[in-house]
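Position one of the sequence shown corresponds to residue 409 (our numbering), numbered consecutively onward. The beta-carbon is built from N, C-alpha and C at its ideal position, and this holds for glycine as well. These numbers come from a predicted model, not from an experiment. Here's the structure we're looking at; comments come further down.
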Amino acid sequence: MTQADDAAATITELKTWVRAFSQARDWEQFHNPKDLALALVCEVGELVEHLRYRTNDEITAHLSQAQHHTEFAHEVADCLWLLLRLADVTDIDLATSLREKLELADRKYPVDQSRGRPDKYTAYSATSQEKPADG
Numbered sequence: 409m410t411q412a413d414d415a416a417a418t419i420t421e422l423k424t425w426v427r428a429f430s431q432a433r434d435w436e437q438f439h440n441p442k443d444l445a446l447a448l449v450c451e452v453g454e455l456v457e458h459l460r461y462r463t464n465d466e467i468t469a470h471l472s473q474a475q476h477h478t479e480f481a482h483e484v485a486d487c488l489w490l491l492l493r494l495a496d497v498t499d500i501d502l503a504t505s506l507r508e509k510l511e512l513a514d515r516k517y518p519v520d521q522s523r524g525r526p527d528k529y530t531a532y533s534a535t536s537q538e539k540p541a542d543g
């Protein structure tokens, strides 16, 4: 496996890493969409363990400790690993899907109405929603 950081690695390369790791262990037989999604849920739970019952200040202090930061980073990596495998197994181009999702979100959350607000898009006025061509 080649060494790379976020600035150098591509999504395709990351998918290749986790696919090769799985193939070498004959794990592809277990990597169906349902089981990968369930494994992702489990890993997100492990990620949340670092945050649960802590205030934001306590989380910052916790993650400022090298050991905790590394543990947290490994949980994030586990989640990424499973997302990459799920995308690979289901033939999803992550960059395209993310770009499409951002375009949809841009229409749902216009900057002039959503800036600084945590509301769901349904909380914005009807003027933010696309109107029919005849209306």
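Lys423: member of the alpha helix (DSSP H) spanning Ile419 to Ala432, first to last residue. The residue among Asp465, Asn464, Phe480 and Phe438 with its C-alpha nearest the C-alpha of Glu451 is Phe480.
Only residues of its own chain outside the window of five on either side were considered, and among them His477 and Phe480 have a CB closer than 7 Å to the CB of Leu471, listed in chain order. With fewer than 16 other Cβ atoms from the protein chains shown falling within 10 Å of its own Cβ, Val519 counts as exposed.
Per the Cβ contact rule, the segment 480-494 is in contact with the segment 441-460 (3 or more Cβ pairs under 8 Å). Gln411 carries a coil assignment under DSSP once its states are collapsed to helix, strand and coil.
Around the Cβ of Val426, a 10 Å sphere holds 16 or more other Cβ atoms; the residue is buried. Boundaries of the alpha helix (DSSP H) harbouring Gln521: Val519 to Ser522, taken from the DSSP string. Asp527 is the residue among Asp501, Asp527 and Ile500 whose C-alpha sits nearest the C-alpha of Ala513.
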